[in-house]
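Read through the structure below, which is laid out as structure tokens, and then see the notes.
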Amino acid sequence: MRAVAPGNELSTAVETTEAVIPEMEYFVFSRVWYGIILLAVCGSVTFFIEVARSGRELKIRKIAGLEAIDEAVGRATEMGRPCLFVPGILDINDIQTIAGLTVLSHVAQVAAEYDAQIEVPTCRSLVMATARETVESSYLAAGRPDAYNEDNIYYVTDEQFGYVASVTGTMVREEPAACFYMGAFFAESLILAETGNSIGAIQVAGTAMPSQLPFFVAACDYTLIGEEFFAASAYLSGEPHQLGSLKGQDVGKVIGVTLLLIGCLMATLYSVTGNETIGTLVSFLTNNVLGGGGFLP
622 MRAVAPGNEL
632 STAVETTEAV
642 IPEMEYFVFS
652 RVWYGIILLA
662 VCGSVTFFIE
672 VARSGRELKI
682 RKIAGLEAID
692 EAVGRATEMG
702 RPCLFVPGIL
712 DINDIQTIAG
722 LTVLSHVAQV
732 AAEYDAQIEV
742 PTCRSLVMAT
752 ARETVESSYL
762 AAGRPDAYNE
772 DNIYYVTDEQ
782 FGYVASVTGT
792 MVREEPAACF
802 YMGAFFAESL
812 ILAETGNSIG
822 AIQVAGTAMP
832 SQLPFFVAAC
842 DYTLIGEEFF
852 AASAYLSGEP
862 HQLGSLKGQD
872 VGKVIGVTLL
882 LIGCLMATLY
892 SVTGNETIGT
902 LVSFLTNNVL
912 GGGGFLP
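In our numbering, the protein residues as written are 622 to 918.
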């Protein structure tokens, strides 16, 4: 009998006279710390959801880009010019597109309340269908179903730069007072943002594409960066289960950052002092808490 190591290395052959019976392990006890951290995060999510449902207010940091939506739509209403919403260039199966449509729901509701026109050119047909349903629901929620016009949410083309050429042409001709870019963007981000800047529009952008964030930050008035973009749904809706999940996930981030800081501090002290006790703690963090060494050294 031989054992196979992870690197496909075979152990020395051993003879045995008894049958080998494998046993199923429901828990990998060598990684018990992962389970403890997972339970802490899940428990905090459940706790904060219950706190939110009980009616207690959860403190959420204000996000300037989302707070500016009312201001941008209000400015468009005062100037008698439309609002333009671009939900990215990926299909409806991308999480950034879904997050963008969540923001569209709020923008459309504010536009309906202010009696402002909103245009949504899309790069995918399924995104167009979803955006139409989203905007229609927002107009119904605002009590203005008669003001909804599905022709303002339209499909352009799947081709990246053909779509951008059409959108920028619309921007130059109609000069929207407020432009929202919410979704996944690639090389077209700077083209859109610079065009919007040239017509003097208030621009609010949000994306999780790290390579495009610098362009939005440089050319737009407000930018939702990374997780701010994904937190927009909970921030705008105020629903207890979403707010509770958001707060609970923050506990996981606190745990991760705390372990990182403690590990860096201990490793630095050990390299400077050579203290064996500190070395043992570093080994415990590396091999047990973050590795597969089990609960105790």
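All C-beta atoms, glycine included, are put in the ideal place defined by N, C-alpha and C.
Taken in chain order, the unbroken stretches of beta strand (DSSP E) that lie wholly in the segment 787-866 and span 3 residues or more are 799-803, 823-828 and 843-846. In this structure, DSSP gives Ile684 a state outside helix and strand, which the three-state scheme calls coil. Pro742 is bridged by DSSP to Tyr775. DSSP, reduced to helix, strand and coil, places Phe916 outside both helices and strands of the structure shown, so it counts as coil. CA-CA distance, Leu880 to Ser651, rounds to 19 angstroms. Bridge pairing for Leu705: Glu740 and Cys800 [DSSP].
Per DSSP, Val910 lies in no alpha helix (DSSP H) and is assigned neither H nor E. Taking the C-beta atoms as reference points, Ser854 is found nearer than 9 angstroms to Ala720.
It is roughly 5 angstroms from the alpha-carbon of Tyr843 to the alpha-carbon of Gly686.
Distance from the CA atom of Gly865 to the CA atom of Thr667, rounded to whole angstroms, is 7 angstroms. Boundaries of the alpha helix (DSSP H) harbouring Val724: Ile716 to Tyr735, taken from the DSSP string. Straight-line spacing of the CA atoms in Tyr802 and Leu659 works out to 35 angstroms. Burial of Phe806 is indicated by the presence of at least 16 other C-beta atoms within 10 angstroms of its C-beta. Bounds of the alpha helix (DSSP H) holding Gly656 are Val653 to Arg674. When secondary structure is reduced to three states using DSSP, Val875 falls in the helix class.
In this structure, Glu849 is the residue among Glu849, Thr791 and Asp767 with its C-alpha nearest to the C-alpha of Met830.
When the alpha-carbon of Val875 is set against those of Ser665, Asp715, Val731 and Gly913, the nearest one is in Ser665.
Rounded to whole angstroms, the gap between the alpha carbons of Val724 and Arg753 is 14 angstroms. Short of 6 angstroms from the beta carbon of Phe669, and not among the five residues preceding or following it, lie these beta carbons of its own chain, in chain order: Gly865, Lys868 and Gly869.
Ala798 sits close to Arg702, with the two beta carbons spaced by under 9 angstroms. In its chain, beyond the 5 residues on either side, Met887, Leu890 and Tyr891 have a beta carbon closer than 8 angstroms to the beta carbon of Ile899.
Between Thr743 and Met749, the beta carbon gap of about 4 angstroms places them in contact (Cβ cut-off 8 angstroms). Pairing Ala661 with Gly804 gives a Cβ-Cβ distance that is not under 9 angstroms.
When only Cα atoms are considered, Leu722 and Val878 end up about 31 angstroms apart.
The criterion of a C-beta distance shorter than 9 angstroms is satisfied by Glu740 and Asn773. In the three-state reduction of the DSSP assignment, Gly895 falls in the coil class. By the neighbour-count definition (other C-beta atoms within 10 Å, threshold 16), Arg682 is an exposed residue. Glu780 sits in coil when the DSSP states are folded into three classes, being neither helix nor strand.
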